[in-house]
Amino acid sequence: MFRKFILLFTITLLAALAVNYLEPLKKWADTSDGKAEGSFENQISPAYDNLVDVLLQQKGQLVEVQQTLESAKRVELQDYFGEKAISKQALKVPELEQGTAVLYPVLLPDRTELLLNFSGSLCRVRTDVPGDKISKTAKRLHYNIQNKASGRFIEQARQLYDWLIVPIKPHLAKHQIKTLITIPDGALRLIPMAGLFNNNDKVFLIHEYALATTPSLYLTSTHSLPKENLQIMLNGLSEAVQGFTPLKNVPHEINSIKSLFGGSDEFLDKQFTLGNLQQSLKQKPYKIVHIASHGQFNHNLEDTFVLTYDDKLTMKKLENLLVLKRDNPIELLTLSACQTAMGDERSALGLAGVAIKAGVGSALASLWAVNDQSTTLLMQEFYHQLQKPDMSKAKALQQAQIKIASDGRFRHPAYWAPFLLIGNWL
Numbered sequence: 000m001f002r003k004f005i006l007l008f009t010i011t012l013l014a015a016l017a018v019n020y021l022e023p024l025k026k027w028a029d030t031s032d033g034k035a036e037g038s039f040e041n042q043i044s045p046a047y048d049n050l051v052d053v054l055l056q057q058k059g060q061l062v063e064v065q066q067t068l069e070s071a072k073r074v075e076l077q078d079y080f081g082e083k084a085i086s087k088q089a090l091k092v093p094e095l096e097q098g099t100a101v102l103y104p105v106l107l108p109d110r111t112e113l114l115l116n117f118s119g120s121l122c123r124v125r126t127d128v129p130g131d132k133i134s135k136t137a138k139r140l141h142y143n144i145q146n147k148a149s150g151r152f153i154e155q156a157r158q159l160y161d162w163l164i165v166p167i168k169p170h171l172a173k174h175q176i177k178t179l180i181t182i183p184d185g186a187l188r189l190i191p192m193a194g195l196f197n198n199n200d201k202v203f204l205i206h207e208y209a210l211a212t213t214p215s216l217y218l219t220s221t222h223s224l225p226k227e228n229l230q231i232m233l234n235g236l237s238e239a240v241q242g243f244t245p246l247k248n249v250p251h252e253i254n255s256i257k258s259l260f261g262g263s264d265e266f267l268d269k270q271f272t273l274g275n276l277q278q279s280l281k282q283k284p285y286k287i288v289h290i291a292s293h294g295q296f297n298h299n300l301e302d303t304f305v306l307t308y309d310d311k312l313t314m315k316k317l318e319n320l321l322v323l324k325r326d327n328p329i330e331l332l333t334l335s336a337c338q339t340a341m342g343d344e345r346s347a348l349g350l351a352g353v354a355i356k357a358g359v360g361s362a363l364a365s366l367w368a369v370n371d372q373s374t375t376l377l378m379q380e381f382y383h384q385l386q387k388p389d390m391s392k393a394k395a396l397q398q399a400q401i402k403i404a405s406d407g408r409f410r411h412p413a414y415w416a417p418f419l420l421i422g423n424w425l
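Quick note: the sequence shown uses numbering that gives the first Met the number 0, first residue 0, plus one each step.
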């Protein structure tokens, strides 16, 4: 008994020392030019992983586990952008409403731990599936699910459902969870949770829960979208410019959304310029900014952009535009575009990080290039649902994805699953 006490005391002491040790690493992760590529993955992340592993081996340390995971997420964003802006954001634990749960999948060499945050409580579920096995399966799903002519993705979608969802289902049922927020890590960022497959009931995860993702719970604001007198800025590019193909359904998409909201301004094709964006954002209190255009988010920030008629809207330019609204922040940035959030495992950090730094509540984007027609239909239904009283953004997206999935032409998840709600789900 005494030896066991000494062992637990030693582990606790090491964990406490490790927390203090990791604080200087946050500063080390900071770079002025944003080009310290691989510093987080190769050196900082393993230190956090080891600490989480130690903490999970103790009982009653779940708060410390969550704090460590959140600290790691913040440092990763800081490392990705190569600046201290993220570190200046206040860390706070948002209050979760009833019916909402946050899932942290923790991928470790010998197992996977599933940490769940409910309203007022934390719990963990251990599975014996090695983290590397989950990562490899996620990468295969990412590749296979994009092939609209194939059903090969089902095997990986079923496996990941069994490994990540089935173990926590009793807890989700006990708490009557309707909305599930995932804070993914590594290869899990490459997959749409909506496409995980319940083989017993023959339904996708989106049929069971409204879904959203965020890079950090502590950096996510949680308040409902004000529905009265919504001002919406609608931007679209349908013409072929700068070597990109035309998006023929964009005018219809813009017009259909405009018909739902009275306070909408439209900037299509030649009107969709950086100058007009800047001027309009200064003048009007837009709560939603919708951009239907080509875009690409990947590991290299310099190659990350959204296409306008006259330029490429880089992450820095986008951030500078959104900062104009910091006193009256935008609640939703929608990027209805091809290959918006695709790239490597950290590509979604670009959009999420810019949203956090600029004070935008949430972003809606796609993991890969999606059919122009199905995207238009999904966006129409999303905004149709969103205008309803008491309808959250996550639930609006859920209803839109379910409707598209029920259309025989777009039944394959390649059409509807890749759309991610990033950030505030309310």
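We put the beta carbon where it would ideally sit given N, CA and C, even for glycine.
The structure presented is a predicted model; accordingly, all values stated were derived computationally and were not measured.
Can you give the beta carbon distance from ILE190 to ALA137, rounded, assuming they're within the 8 Å contact cut?
Going by Cβ atoms, the distance from ILE190 to ALA137 rounds to 5 Å, so yes, they are a contact pair.
For the region 363-376 against the region 401-411, are there 3 or more C-beta pairs whose distance is under 8 Å?
These segments touch.
Count the CB pairs spanning the region 231-245 and the region 279-287 that are closer than 8 Å, and state whether there are at least three.
A contact is defined here as three or more CB-CB pairs under 8 Å, and the region 231-245 meets this definition with respect to the region 279-287.
For GLU112, the three-state DSSP class (helix, strand or coil)
Correct three-state label for GLU112: strand.
Could you spell out the range, first to last residue, of the alpha helix (DSSP H) harbouring THR374?
For THR374, the uninterrupted alpha helix (DSSP H) run begins and ends at 371-385, by DSSP.
Who are the near neighbours of THR219 in its chain, counting only those whose CB is closer than 7 Å to its CB and skipping five residues on each side?
The beta carbon of THR219 is closer than 7 Å to those of PRO93, THR213, GLY422 and ASN423 in its chain, skipping five residues each way along the sequence.
For LYS402 and ASN198, the rounded distance between their alpha carbons
If I take the Cα positions, the gap works out to 20 Å.
Please report how far the alpha carbon of SER365 lies from the alpha carbon of PHE418, in whole angstroms.
Approximately 4 Å between the Cα atoms of the pair.
By the three-class DSSP mapping on this structure, what secondary structure does TYR103 have?
It is a strand residue.
Contiguous beta strand (DSSP E) assignments of at least 3 residues, all confined to the region 300-342:
Correct list: 304-306, 311-313 and 331-334.
Exposure label - HIS222; buried when at least 16 CB within 10 Å:
That one is exposed.
Taking the C-alpha atoms as reference points, what is the distance between VAL101 and ASN327?
C-alpha separation (whole angstroms): 28 Å.
On a Cα-Cα basis, can you pick out the residue from GLU40, HIS251 and TRP415 that is closest to GLY185?
Taking GLY185 as reference, the option from GLU40, HIS251 and TRP415 with the minimal CA-CA separation is GLU40.
Need the endpoints of the beta strand (DSSP E) that GLY422 sits in, please.
418-422 is the span of the beta strand (DSSP E), which, as asked, contains GLY422.
Would TYR103 be called buried (16 or more neighbouring beta carbons within 10 Å of its own) or exposed?
Buried is the label assigned to TYR103, since at least 16 other Cβ atoms lie within 10 Å of its Cβ.
Pairing CB atoms from the region 64-81 with CB atoms from the region 113-131, are three or more of them under 8 Å?
Yes, the region 64-81 touches the region 113-131.
Member of LEU68, LYS173, LYS72 and PRO129 whose CA lies at the smallest distance from the CA of SER118:
Among LEU68, LYS173, LYS72 and PRO129, the Cα nearest to that of SER118 belongs to LYS173.
Could you check how far apart the C-beta atoms of VAL249 and SER258 are, in whole angstroms? I think they sit under 8 Å.
Actually they are not in contact, since the Cβ atoms of VAL249 and SER258 sit about 15 Å apart, beyond 8 Å.
To which residues of the same chain is VAL18 closer than 6 Å at the C-beta, ignoring the five residues directly before and after it?
Here VAL18 scores only 48 on pLDDT, less than 50, and its place in the model is too uncertain to base an answer on.
So GLN210 and ALA193 are supposed to be a Cβ contact under 8 Å. How far apart are they, rounded?
Residue identity differs from the one stated: residue 210 is Leu in this sequence, not Gln. Separation of the CB atoms of LEU210 and ALA193 is rounded to 6 Å, and the pair is thereby assigned contact status at 8 Å.
In this structure, does DSSP put ILE144 in helix, strand or coil?
Residue state, collapsed to three classes: coil.
With DSSP collapsed to three states, give me the class of THR67.
Helix.
Under 6 Å Cβ to Cβ from LEU224, same chain only, skipping five residues before and after it: list those, please.
Excluding five sequence positions before and after LEU224, the CB atoms of its chain that fall closer than 6 Å to its own CB belong to GLU330, given in chain order.
Which of helix, strand or coil DSSP assigns to ASN254
Here DSSP, grouped into helix, strand and coil, assigns ASN254 to helix.
Spatial neighbours of SER279 within its chain, please: CB distance less than 8 Å, with the 5 preceding and 5 following residues excluded, ordered by chain position.
Apart from the 5 residues on each side of it in sequence, SER279 sits with its Cβ closer than 8 Å to the Cβ of MET232, ASP264, PHE266 and TYR285 in its chain, given in chain order.
Let's see if you can read the secondary structure: which residues bound the beta strand (DSSP E) around GLY262?
Segment 262-267, the beta strand (DSSP E) holding GLY262.
Over what stretch of residues does the alpha helix (DSSP H) that includes SER279 continue unbroken?
273-282 is the span of the alpha helix (DSSP H), which, as asked, contains SER279.
If you follow the alpha helix (DSSP H) that ARG157 is part of, which residue opens it and which one closes it?
Here the alpha helix (DSSP H) through ARG157 covers 152-163.
When DSSP labels each residue in this structure, what does TRP27 get in the three-state scheme?
A caution first: TRP27 carries a pLDDT of 47, below 50, which makes its placement in the model unreliable, though a value can still be read off. The answer is helix: DSSP assigns TRP27 an H, G or I state.
Taking the CB atoms as reference points, tell me whether SER149 and ASN143 lie closer together than 8 Å.
Contact flag set, yes.
What are the start and end residues of the alpha helix (DSSP H) that includes ASN49?
It spans 44-55 - the alpha helix (DSSP H) in which ASN49 sits, taken as one unbroken run.
Quick check: the Cα distance between ILE428 and LEU321, rounded to an integer number of angstroms?
A question about residue 428 goes unanswered here, because the residues of the chain that appear run from 0 up to 425.
If I follow the unbroken alpha helix (DSSP H) through HIS170, where does it start and stop?
In this chain, the alpha helix (DSSP H) harbouring HIS170 covers 168-173.
Inspect the beta-carbon positions of PHE271 and GLY235 and report whether they are closer than 8 Å.
Yes; because the gap between Cβ atoms is below 8 Å, this pair is in contact.
On the CB-based measure, 16 or more other CB atoms within 10 Å of its CB, does LYS147 come out buried or exposed?
Label assigned to LYS147: exposed.
Rounded C-alpha distance that separates TRP415 from GLU75
GLU75 has its alpha-carbon roughly 29 Å from the corresponding atom of TRP415.
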